[in-house]
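Visitor: What follows is a structure written as structure tokens; I'll ask about it next.
Numbering (my numbering), first residue to last: 6 to 386.
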């Protein structure tokens, strides 16, 4: 008797289990969630689809995309993007493993626009008022929030700091050891005298904390009465209360302290690569998207540039090689140089990254041709 054909649920689950050997549990849960939603839609709307070879972009995938737009309240674009990314990865893997699947079931145009919110640092005035209020309050939540603002670490990373997080790494050089966090990376953040003083104050307050909170905080800098999330829920109202007492102009969340730190570092001249390390980003593009110069800085730089543009200046003259007068290696090299120059001028005016990269590769090939001409021996006449 031939073996039974595995169901779609079994096929997807078997592949997800193989991915689970190398992926984080949260990522595996995302794949399972996307699979569950898609297969539930198929069972309800297209009950006769029982094999991967039956899947078609229209109506099966396009119908599912439309169904994701129907729930009330609506699913966020970010959540829908994650669903499509997970399902696309699974379908591509299954096709690569030999399963019969149509091509391009999920395309780039199927993804909803990704929301890009501007960072919301506090104004310099609100930032100073809030820090002063937190120093006056001077309890454990207030000092935890001050430490978050002074170092730019995530609030979850602050809650998980170890008791010995302050490390001496050299003569008069200290750093705060930040544990594995959101991106599963650890790092050392430089700690100046102000940061060391905040840590010392937390240790002093910790020593007088109730025994019940210390029972759940073995080895942790910040004593907590319960779980990580429960302690986080005490920090949010503490910050909101401090912001109200300080007279801040709008609502303040813990993550806005991180935005304020990043904006301040940029304003003081810290480079993007250094800021990327401080914030614990894996990609500098995250840092560039994350940090926004303040409107005050933007106005200042804009008006300075306009004043500079109003001054008379001499436009630079770019030398473009002339066409060769003779058909020999020097003349050909001159023609190649002229072509490369025109290609570069054209490339700089483009905004499409794919076309720009293609022109860059073409320029590299022209350079290789020019270099090969150096090895050609011209026969004597």
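Backbone N, C-alpha and C define an ideal beta-carbon position, used for all residues, glycine too.
Computed from a predicted model, the values in this text were never measured in an experiment.
Looking only at its own chain, which residues have a Cβ that is under 7 Å from the Cβ of residue 37, when we skip the five neighbours before and after it?
Guide: Residue mapping note: residue 37 aligns to position 32 of the chain shown, counting from 1. Around residue 37: 21.
Visitor: Looking at the strands, I want to know which residues DSSP matches up with residue 198.
Guide: Numbered from 1 along the chain shown, position 193 holds the residue referred to as residue 198. Residue 198 is not bridged to any residue.
Visitor: Would you say residue 135 and residue 247 are within 8 Å of each other, going by their C-beta atoms?
Guide: In the chain shown, residue 135 corresponds to position 130, counting from 1. In the chain shown, residue 247 corresponds to position 242, counting from 1. A contact, by the Cβ cut-off of 8 Å.
Visitor: Provide the residue span of the beta strand (DSSP E) that contains residue 172, from first to last.
Guide: Residue numbering aside, residue 172 sits at position 167 when the chain shown is read from its first letter. Membership of residue 172 in the beta strand (DSSP E) is indicated by the continuous run 171-175.
Visitor: How would you label residue 253, buried or exposed, when you count the other beta carbons within 10 angstroms and need 16 or more for buried?
Guide: As a position in the chain shown, residue 253 is number 248, starting the count at 1. Residue 253 should be labelled buried.
Visitor: Contact between the segment 257-273 and the segment 148-155: three or more CB pairs below 8 Å?
Guide: yes
Visitor: Quick check on this structure: which residue in 165, 194, 166, 125 has the alpha carbon closest to the alpha carbon of residue 173?
Guide: Mapped onto the chain shown, residue 173 falls at position 168. Per the Cα distances, 194.
Visitor: Just the C-alpha distance for residue 320 and residue 381, rounded to the nearest angstrom, thanks.
Guide: Taking the first residue of the chain shown as position 1, residue 320 is located at position 315. Taking the first residue of the chain shown as position 1, residue 381 is located at position 376. Confidence in residue 320 is poor, its pLDDT being 48 and thus under 50, which makes the residue's placement too unreliable to answer from.
Visitor: Going by alpha carbons, who is nearest to residue 260 out of 372, 244, 271?
Guide: Residue numbering aside, residue 260 sits at position 255 when the chain shown is read from its first letter. In terms of CA proximity to residue 260, 244 leads the group 372, 244, 271.
Visitor: So, helix, strand or coil for residue 226, using DSSP?
Guide: Residue numbering aside, residue 226 sits at position 221 when the chain shown is read from its first letter. Looking at residue 226 - three-state DSSP - the assignment turns out to be coil, as it is neither helix nor strand.
Visitor: Inspect the CB distances between the segment 207-222 and the segment 110-119 and report whether three or more fall short of 8 Å.
Guide: no
Visitor: Could you tell me which uninterrupted alpha helix (DSSP H) segments, each at least 4 residues in length, are contained entirely in the segment 34-97, listed from first to last along the chain?
Guide: Taking only runs of at least 4 residues, the alpha helix (DSSP H) segments lying wholly in the segment 34-97 are 67-72.
Visitor: Quick check: what's the CA-CA separation for residue 130 versus residue 51?
Guide: Here the question's residue 130 lines up with position 125 in the chain shown. Here the question's residue 51 lines up with position 46 in the chain shown. C-alpha separation (whole angstroms): 59 Å.
Visitor: Grouping DSSP H, G and I as helix and E and B as strand, with all else coil, what is residue 320?
Guide: Position 315 of the chain shown, counted from the first residue, corresponds to residue 320. In this predicted model, residue 320 has a pLDDT of only 48, less than 50, meaning its place in the structure is not dependable; the value taken from the coordinates is given anyway. Of the three classes helix, strand and coil, the one that applies to residue 320 here is coil, per DSSP.
Visitor: Please report how far the alpha carbon of residue 270 lies from the alpha carbon of residue 262, in whole angstroms.
Guide: Taking the first residue of the chain shown as 1, we reach residue 270 at position 265. Taking the first residue of the chain shown as 1, we reach residue 262 at position 257. Roughly 12 Å separates the two Cα atoms.
Visitor: Quick one: what's got a C-beta closer than 8 Å to residue 386's C-beta in the same chain, skipping five residues either side?
Guide: One-based indexing of the chain shown puts residue 386 at position 381. At residue 386, the pLDDT of 46 sits below 50, so the modelled position is not reliable; the number obtained from the coordinates is stated separately. Excluding positions up to five away in sequence, the list is empty.
Visitor: Would you mind giving the Cβ-Cβ distance between residue 355 and residue 361, rounded to the nearest angstrom? I have them listed as a contact below 8 Å.
Guide: Residue 355 sits at position 350 when you count from the first residue of the chain shown. Residue 361 sits at position 356 when you count from the first residue of the chain shown. Confirmed, about 5 Å.
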